[in-house]
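For reference, the structure is listed below as structure tokens.
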Amino acid sequence: MAKKRFALSSALTEALSQTVTSAKSNAGSLKIEIIGIAKIDFDPENPRELVITRDDILKGISQDDPDYDRKVREFDELQSLANSIKGHGILNPIVVCQFGDRYRLIAGERRCLASLVIGNHDIKATIFDDKLSVLKQSSLQWIENIERSDLKLCERISNLRKIVNAYQEETGNQEEITPAFFKELIGCSWTNASHYHSVLNADDDLRLAIEENKVNNLEKAAFIAKLAFKELQVKALQACIDGEPLKNLKEILAEETEASKTTRTKSIERNQKKRGREATQVKLGSVKNTKIIKELTNLILENKTYSKYREHFVNCNWDDFSSVSKAFQTLIRLIEKHHVNA
Amino acid sequence: MTKVIISATNKGGDGKTTLSIIFSEYLSIIRNQKVLLIDFDPQANASSRHLELEYDPTSDGGKKPPIHPDYDPVNDKGWDGRTSIADIFYGKEMIPYSTNISNLDVAPAYSAQLQAAEETKREEVIEKIQNRLKEFVNLKEIQESYDYIIIDTPPAKGPLTRAAFSAATHVIIPAQMEKFSMDGIYGMMQLWKQETYSRGTSNPITLLGIIPNRFRNLVLHKAHFNELKSQKGISEFVTDHKLHERAIYSEILSNKQLPQNIFELPSSNIAREETEKLCDFLYGRMVNNG
Chain A
1 MAKKRFALSS ALTEALSQTV TSAKSNAGSL KIEIIGIAKI DFDPENPREL
51 VITRDDILKG ISQDDPDYDR KVREFDELQS LANSIKGHGI LNPIVVCQFG
101 DRYRLIAGER RCLASLVIGN HDIKATIFDD KLSVLKQSSL QWIENIERSD
151 LKLCERISNL RKIVNAYQEE TGNQEEITPA FFKELIGCSW TNASHYHSVL
201 NADDDLRLAI EENKVNNLEK AAFIAKLAFK ELQVKALQAC IDGEPLKNLK
251 EILAEETEAS KTTRTKSIER NQKKRGREAT QVKLGSVKNT KIIKELTNLI
301 LENKTYSKYR EHFVNCNWDD FSSVSKAFQT LIRLIEKHHV NA
Chain B
1001 MTKVIISATN KGGDGKTTLS IIFSEYLSII RNQKVLLIDF DPQANASSRH
1051 LELEYDPTSD GGKKPPIHPD YDPVNDKGWD GRTSIADIFY GKEMIPYSTN
1101 ISNLDVAPAY SAQLQAAEET KREEVIEKIQ NRLKEFVNLK EIQESYDYII
1151 IDTPPAKGPL TRAAFSAATH VIIPAQMEKF SMDGIYGMMQ LWKQETYSRG
1201 TSNPITLLGI IPNRFRNLVL HKAHFNELKS QKGISEFVTD HKLHERAIYS
1251 EILSNKQLPQ NIFELPSSNI AREETEKLCD FLYGRMVNNG
């Protein structure tokens, strides 16, 4: 009789393993609680710049308030969100992190305020531990806000700057931040990552224009920041502030390029030489004729410094590629060793 | 904080009740801890280990707890003298019964009432049931009275088992090394995973161990055991300590038998030895992992 064998189905064992992995890596990710809005502190550094406050909603906006008009406008905007909350509830829980017995708001200021508008004093929230770093916190705020079209470019840039500073502070890494870093951290496309990178490193004129909300388009801002010459930048910036579309800005570049063609060609040639990582080793390449290696080896072994290594090569089959490769590697290693010792 | 250990698997006969009984007695007798054994299984077997349950004519083969020794018919108006863990679903006070073991109390089952909770289909009721046990074990009086709570669960994945998962700090899954039991492990691991998703890291539900039970020296049992042990991810949870198939485990659970529990056997007894080793291991894991 054949020997008895038993095995679990591989589907089951695999499913068990996956369950464990998934549980470990997603622990706490669905933790949602209902918390009192009164216990939430709004983060003054949140990128969203609402001027309307909790008190304005609970007690009414004072006519003497210097921001009266803006607050009234914001209140009207909140009203429409409030109506939707009234009808459908909060679809996405707000995000807070716990500080003792209070919470600090990471994302969801408008949802909180709108809930107050309709008289809800509790709200659904995802709660993170209090040990959340500034970096993680800013990243969460970014992720939460990025999809919203009404966020101004200056708000986005100021939040990104906060993330970069937090990253440098946390890691002690003062190196320049690359587009790859943005792509990784905030999960945007390569194009946008590259745009943000350029705009973040823009000079003061462009920076000021963004801060004053004169430039509110990422593509345009990035295009201007990437221009090689200051005079081109100034021209393009002015065109941008005048409301010219991106196509027209590109024309400015085309005109100027004609004029400065010679300079540009030169700079490209120079760049080509620099392309790639700096070489730090010699590549030995490969040959198809084993005799070349045999000859090289013999030549070197004739040198009296190396002749004592001859015994390493007596068993080599000089017609076999892998044997010859091995022999040559040995030769290089022996020479290397000799140089280290010397 | 009181540790809440549940013994769970959706397959019947794998040893949930046996393990609940053994581990609660180990903690109270060997470790001298204050323990509450909660019987959350409508079959009420863990309860009948310590109490003389009465057959309940209103439910088929169901049982109800006896009159509580503290019941005073003159002064306790509005109480029929019985109390069970099902009372937490009816907004009533639950008063644990003491047992012959000094550190061990029991919150017995009331078959018909637990069965009603288990069979409910209404979503909003299920939600309430799920949270009620958690609220109960977190009551100040309970937390102050007990170091450990052991919960025996029904062989199902219904509202009662889910409620037990919500309340638990630790889970043990007994399993025979056979095909249907493996599916039971899988079912419980899903509940454990769901519960882990919805908890914060400060309040985890720890999988204390998958315990090979009723183990026999068969090619089948050894093959399944070795396979689980070789599977990355799952192997760390499968305990090396097994409980073998032995008549003594059934005998000792019969009423009026001597010795009354496994820990009264001489320490050289093979059943006591393997039981105590397993319990030592689980206890150590629990104490070390917080």
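Taken in order, these protein sequences are the chains called A and B.
The first sequence begins at 1 in my numbering and counts up by one.
The second sequence begins at 1001 in my numbering and counts up by one.
All C-beta atoms, glycine included, are put in the ideal place defined by N, C-alpha and C.
The beta carbon of Lys39 of chain A sits closer than 8 Å to the beta carbons of Asp101, Arg102, Tyr103 from its chain, once the five residues preceding and following it are set aside; these are given in chain order. Taking 8 Å as the cut-off between beta carbons, the residues of the segment 1211-1225 of chain B near chain A are Val1219, Leu1220, Ala1223, His1224, in sequence order. Taking C-alpha positions only, Leu1265 of chain B is separated from Asp1280 of chain B by approximately 17 Å.
A direct Cα-to-Cα measurement between Leu151 of chain A and Ile157 of chain A gives close to 10 Å. Rounded to the nearest whole angstrom, the CA to CA distance from Asn83 of chain A to Asn120 of chain A is 12 Å. Taking a 10 Å sphere around the C-beta of Ala7 of chain A, we find fewer than 16 other C-beta atoms and assign the residue as exposed.
Residue environment analysis places Trp1192 of chain B among the buried positions, since at least 16 neighbouring C-beta atoms fall within 10 angstroms of its C-beta. Judged by DSSP in its simplified three-state form, Ser1007 of chain B adopts strand. Within chain A, Ser17 have C-beta atoms less than 7 Å from the C-beta of Lys1232 of chain B, given in sequence order.
Annotated three-state conformation of Phe1023 of chain B is helix, per DSSP. Per DSSP, the continuous alpha helix (DSSP H) segment holding Asp205 of chain A begins and ends at 204-211.
As the crow flies, the alpha-carbon of Ala1008 of chain B is around 22 Å from that of Asn1226 of chain B. DSSP places Leu30 of chain A in no alpha helix (DSSP H); its state is neither H nor E. With 16 or more neighbouring CB atoms inside 10 Å of its own CB, Glu1025 of chain B falls in the buried class. The beta carbon of Arg1246 of chain B lies closer than 7 Å to those of Ala1271 in the same chain, with the five residues before and after it left out. Looking at B:Ile1211, B:Ile1149, B:Gly1091, B:Leu1207, the one whose alpha-carbon comes closest to that of Asp1240 of chain B is B:Ile1211.
Any Cβ of chain B closer than 7 Å to the Cβ of Ser80 of chain A would place that residue at the interface, and such an atom is absent. DSSP places Leu116 of chain A within a helical segment (H, G or I) once states are collapsed to three. Under the Cβ distance rule, Thr171 of chain A does not count among the residues neighbouring chain B, no pair being separated by less than 7 Å. Listed by position along chain B, the residues whose Cβ is nearer than 9 Å to that of Asn26 of chain A are Lys1193, Thr1196, Tyr1197. Any Cβ of chain A closer than 7 Å to the Cβ of Gly1187 of chain B would place that residue at the interface, and such an atom is absent.
Around the beta carbon of Phe1237 of chain B, 16 or more other beta carbons sit within 10 angstroms, so the residue counts as buried. Sequence-distant Cβ neighbours of Glu1274 of chain B in its own chain, meaning closer than 8 Å and more than five residues away, are His1241, Lys1242, Leu1243, His1244. For Gly36 of chain A, the closest C-alpha among the options A:Leu105, A:Arg70, A:Leu30, A:Arg310 is that of A:Leu105.
Per the C-alpha coordinates, the member of A:Ala23, A:Leu253, A:Asn217, A:Tyr306 positioned closest to Glu231 of chain A is A:Leu253.
In the three-state scheme derived from DSSP, where H, G and I count as helix and E and B as strand, Arg1082 of chain B is classed as coil. Close to Gln1130 of chain B, with beta-carbon spacing below 9 Å, lies no residue of chain A; the smallest spacing is near 15 Å. For Ala202 of chain A, no CB of chain B lies under 7 Å from its own CB, so it is not counted at the interface with that chain. Contact annotation, Asp1056 of chain B with Val1106 of chain B: C-beta distance approximately 18 Å; criterion of less than 8 Å not satisfied. Residues of the segment 87-100 of chain A with a Cβ closer than 8 Å to any Cβ of chain B: none. By the Cβ-count criterion, Leu249 of chain A is buried, with 16 or more other Cβ atoms from all chains shown falling within 10 Å of its own Cβ.
Residue pairing by DSSP places Val1238 of chain B opposite B:Ile1210 in a beta bridge. Per DSSP, reduced to three states, the secondary structure at Gly1284 of chain B is helical. Of B:Arg1199, B:Asn1288, B:Glu1251, B:Lys1277, the smallest CA-CA separation from Glu33 of chain A is found for B:Arg1199. Residue state for Ile40 of chain A is assigned as strand, using DSSP reduced to three classes.
Against Thr21 of chain A, the close residues of chain B are Gly1233, in the order they occur along the chain (beta-carbon pairs closer than 8 Å).
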